[in-house]
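Peer 1: Could you have a look at this structure, given as structure tokens, before my questions?
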Amino acid sequence: MFNFHLYTLSLHLVQCSAHSKCLNAITTSRNAMLEEGTGWGGSGCPRGKGVQGRRTEASQGFSDHQAPPSYEFYFFAPLLLLRPLPPLHLLLFLVCPLSPSLPSFLCPLSSQGKMLRCKFQRLEIALLLAMGLGALLFLLQVDQRELIHHIPPGEKLGSLPDSSPPTVLSPPPAPCHANTSVVNASGFAELPIHIKNFLLYKHCRSFQPLRDAPGKCGGPGASDEVFLLLAIKSSPANYERRELIRKTWGQERTIHGLSIRRLFLVGTAANVLEARKLNRLLAMEALQYGDILQWDFHDSFFNLTLKQVLFLEWQVAHCPEAHFLFNGDDDVFAHTDNMVVYLQGLLPDKHLFVGHLISHVGPIRLKYSKYYVPRLVSPENLYPPYCGGGGMLMSRFTVRAIRRASLSIEFFPIDDVYLGMCLQREGLQPASHMGIRTGGVQVPSTQLGSFDPCYYRELLLVHRFVPYEMLLMWQALHEPGLVCGKRTLKYQRV
Ligand SMILES: *[C@@H]1O[C@H](CO)[C@@H](O)[C@H](O)[C@H]1NC(C)=O
Ligand SMILES: *[C@@H]1O[C@H](CO)[C@@H](O)[C@H](O)[C@H]1NC(C)=O
Ligand SMILES: *[C@@H]1O[C@H](CO)[C@@H](O)[C@H](O)[C@H]1NC(C)=O
43 MFNFHLYTLS LHLVQCSAHS KCLNAITTSR NAMLEEGTGW GGSGCPRGKG VQGRRTEASQ
103 GFSDHQAPPS YEFYFFAPLL LLRPLPPLHL LLFLVCPLSP SLPSFLCPLS SQGKMLRCKF
163 QRLEIALLLA MGLGALLFLL QVDQRELIHH IPPGEKLGSL PDSSPPTVLS PPPAPCHANT
223 SVVNASGFAE LPIHIKNFLL YKHCRSFQPL RDAPGKCGGP GASDEVFLLL AIKSSPANYE
283 RRELIRKTWG QERTIHGLSI RRLFLVGTAA NVLEARKLNR LLAMEALQYG DILQWDFHDS
343 FFNLTLKQVL FLEWQVAHCP EAHFLFNGDD DVFAHTDNMV VYLQGLLPDK HLFVGHLISH
403 VGPIRLKYSK YYVPRLVSPE NLYPPYCGGG GMLMSRFTVR AIRRASLSIE FFPIDDVYLG
463 MCLQREGLQP ASHMGIRTGG VQVPSTQLGS FDPCYYRELL LVHRFVPYEM LLMWQALHEP
523 GLVCGKRTLK YQRV
């Protein structure tokens, strides 16, 4: 709560510095100083009778309910000691009072406050220096302490709200070492760094779970009760997307008596400091929602296959009987109501793998493409047919087949292609579902806007939604009065 207040207050400060009245006041007073020839870059305080008068003028620039920011500044200064602020903030906080020649947009408060504070300049500098040094020491100390109390990997912070039995944690897997013999392969040295990393670590398949959700499906025995399990790949920092998905299409609920469960699959940020922060966030989310599966590997594009396979391992252990699996990204809009209606008529123990079918394509050999796959990674020139990774549906029969195949297929950096490879190994075919548009939507007529709920209500999934659009679309689709002419629902089975 305290932190919240502090942040509100700092926001207020920032607002003031961007507020035109504040800025006007600062500019007015600075111009006034320049006219008098004292200058802000000058060594001393302005002298003479002018100061008093100007000061009043400048202060009048503020609206009545706002005290001059210099006072706020002093009010907040002690608070700053209590909470580490971003380094830039801290730096300006320290430097501004000492160097009046900094531009006023950097130090609006100190330049404004200067006239008010000239009288006590020395005392002020001494005080600020002391406070600043104190703050620095404090921050350094906090960092040390945090490092010592750093949550050991594997500690279960994400205990579930539902009463799942505590799992016995297996000892952490031995750290996986880079395969240094690939370094000698011809052409390795010229590869982009993420491909080098992929080649060095692609044999690593065992990673410590950081947050688990073993009770998600009520335990392996009871998981038959779960009709549709949503496994959504998310990056640690995509908090807003996860929140919106929880509120909209990812709601855990029961439709026509069939239950939907939700999980986010996350790795860890590559940067150590970021990772520490984001792991806390994920621990909070896990505690609140129990929907986070997190492993201790770098969450990067070329590690998505690893994420996929780790999830399949998890599902075999904790949710083997769930009838269907939705496997997708966190930037799609999945019409889960329609999915349930579509899946209702299908058998979980028959092969099902539908999505946006892609076939007759091969690796991109352009070095600067996000999807660049050099010959060293795959000499093949053609991928097996696969479904675009934005979102796809599969039955538990197919999930098991893919998992089985994955045990003997080397990792391939692009996760949706990898699933296609697993299907091929098992002699199964991916199929197309016209309601799944991972390539975006071609609106059938110019009469319909591309955001028309009447169009979306017939689809199962559309790619590339920003969070607020998800919310709007979800609201619109569930509007009781949604009138869409006499178009029929394609996936409705009665
Ligand atoms: C790589 O090649 C160098 C020189 O050819 C050799 O000395 C080294 O042992 C090789 N490294 C590995 C890991 O094979
Ligand atoms: C390491 O790389 C070499 C050369 O690419 C490969 O032959 C070997 O199987 C790899 N080792 C592991 C453990 O993956
Ligand atoms: C995948 O994660 C592992 C473990 O964190 C890391 O060593 C490796 O560099 C990552 N690979 C890529 C391609 O980012």
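Position one of the sequence shown corresponds to residue 43 (our numbering), numbered consecutively onward.
Ideal Cβ positions, reconstructed from N, Cα and C, are used throughout, including at glycine.
Just so it is clear, the structure is predicted and the values come from calculations on it, not from any experiment.
Can you grab the Cα-Cα spacing for the pair Phe368 / Cys526, in whole Å?
Peer 2: C-alpha separation (whole angstroms): 28 Å.
Peer 1: Note the first and the last residue of the continuous alpha helix (DSSP H) segment covering Lys319.
Peer 2: Run containing Lys319: 314-331, per the alpha helix (DSSP H) assignment.
Peer 1: Would you kindly report the start and end of the unbroken beta strand (DSSP E) that includes Pro251?
Peer 2: Counting along the chain, the beta strand (DSSP E) containing Pro251 begins and ends at 251-253.
Peer 1: Using CA coordinates, which residue listed in Phe454, Lys238, Ile444 is at the minimum distance from Gln466?
Peer 2: Of the candidates Phe454, Lys238, Ile444, the one whose C-alpha sits nearest the C-alpha of Gln466 is Ile444.
Peer 1: So is the beta-carbon of Ser342 under 7 Å away from any non-hydrogen atom of ligand 3?
Peer 2: Yes; taking the cut-off as 7 Å, the Cβ of Ser342 has a heavy atom of ligand 3 nearer than that.
Peer 1: Report back the beta-carbon spacing between Val308 and Asp341 to the nearest angstrom; my notes put them in contact at under 8 Å.
Peer 2: That pair is a contact at about 6 Å.
Peer 1: Can you give me the C-alpha to C-alpha distance between Pro390 and Asn226, rounded to a whole angstrom?
Peer 2: Near 47 Å, if we compare the C-alpha coordinates of Asn226 and Pro390.
Peer 1: Please report how far the alpha carbon of Ser301 lies from the alpha carbon of Met434, in whole angstroms.
Peer 2: Looking at the two C-alpha atoms, the distance is approximately 18 Å.
Peer 1: Do His245 and ligand 2 come close, with the Cβ less than 7 Å from some heavy atom?
Peer 2: His245: yes, Cβ under 7 Å from ligand 2.
Peer 1: Does the beta-carbon distance from Arg33 to Asp379 come in below 8 Å?
Peer 2: What is shown of the chain runs 43 to 536, which leaves residue 33 out entirely.
Peer 1: Is Phe395 closer than 8 Å to Cys361 when the C-beta atoms are compared?
Peer 2: For Cys361 and Phe395, no; Cβs fall outside 8 Å.
Peer 1: Decide if Tyr410 is buried, meaning its Cβ has at least 16 other Cβ atoms within 10 Å, or exposed.
Peer 2: Its Cβ having fewer than 16 others within 10 Å, Tyr410 is exposed.
Peer 1: Taking the beta strand (DSSP E) that Ala273 belongs to, which residues open and close that run?
Peer 2: That run of the beta strand (DSSP E) goes 268-275.
Peer 1: Express the C-alpha separation of Met476 and Phe44 in angstroms, rounding to a whole number.
Peer 2: Confidence at Phe44 is low in this model, with a pLDDT of 32, below 50, so the placement of that residue should be treated as unreliable; the coordinate-derived value is given next. About 51 Å.
Peer 1: Please list the terminal residues of the continuous alpha helix (DSSP H) segment that includes Ile444.
Peer 2: Per DSSP, Ile444 belongs to the alpha helix (DSSP H) from 438-448.
Peer 1: Name the DSSP bridge partner or partners of Thr296?
Peer 2: DSSP, once it has assigned bridges, lists Ser301 as partnering Thr296.
Peer 1: Cβ-heavy atom distance between His236 and ligand 3 below 7 Å?
Peer 2: Yes, Cβ of His236 sits closer than 7 Å to a heavy atom of ligand 3.
Peer 1: With distance defined between alpha-carbon atoms, name the residue in Leu271, Ser448, Met381, Ala279 nearest to Lys258.
Peer 2: Looking at the Cα atoms, Leu271 is the closest of the given residues.
Peer 1: Where does the unbroken beta strand (DSSP E) through Leu367 begin, and where does it stop?
Peer 2: Run containing Leu367: 366-371, per the beta strand (DSSP E) assignment.
Peer 1: Pull up the distance between the alpha-carbon of Tyr497 and that of Leu385, whole angstroms please.
Peer 2: C-alpha separation (whole angstroms): 20 Å.
Peer 1: Closer than 7 Å to a non-hydrogen atom of ligand 2 - does that hold for the CB of Val383?
Peer 2: Outside the cutoff, so no.
Peer 1: Please report the straight-line C-alpha distance between Gly432 and Met512, rounded to a whole angstrom.
Peer 2: Each residue's alpha carbon lies about 15 Å from the other.
Peer 1: Phe454: beta carbon under 7 Å from a heavy atom of ligand 3?
Peer 2: Outside the cutoff, so no.
Peer 1: Between Lys238 and Phe230, what straight-line distance do the alpha-carbon atoms span, to the nearest angstrom?
Peer 2: When rounded, the distance between both Cα atoms is 7 Å.
Peer 1: Using the Cα positions of Ser223 and Tyr243, report the straight-line distance between them to the nearest angstrom.
Peer 2: Cα to Cα, the separation comes out at about 11 Å.
Peer 1: Cβ-heavy atom distance between Leu348 and ligand 3 below 7 Å?
Peer 2: Leu348: yes, Cβ under 7 Å from ligand 3.
Peer 1: Using a Cβ distance threshold of 8 Å, determine whether the region 448-463 contacts the region 329-347, with at least three qualifying pairs required.
Peer 2: Yes, the region 448-463 is in contact with the region 329-347.
Peer 1: One question on the structure: do Cys464 and Ile478 come within less than 8 Å of each other, judged by their Cβ atoms?
Peer 2: Not closer than 8 Å, so no.
Peer 1: Can you tell which of Leu320, Gly260, Pro416, Trp516 has its C-alpha closest to the C-alpha of Ser277?
Peer 2: The option with the nearest alpha carbon to Ser277 is Leu320.
Peer 1: To the nearest angstrom, how far is the alpha carbon of Ala255 from that of Asp333?
Peer 2: Taking the straight line joining both Cα atoms gives about 7 Å.
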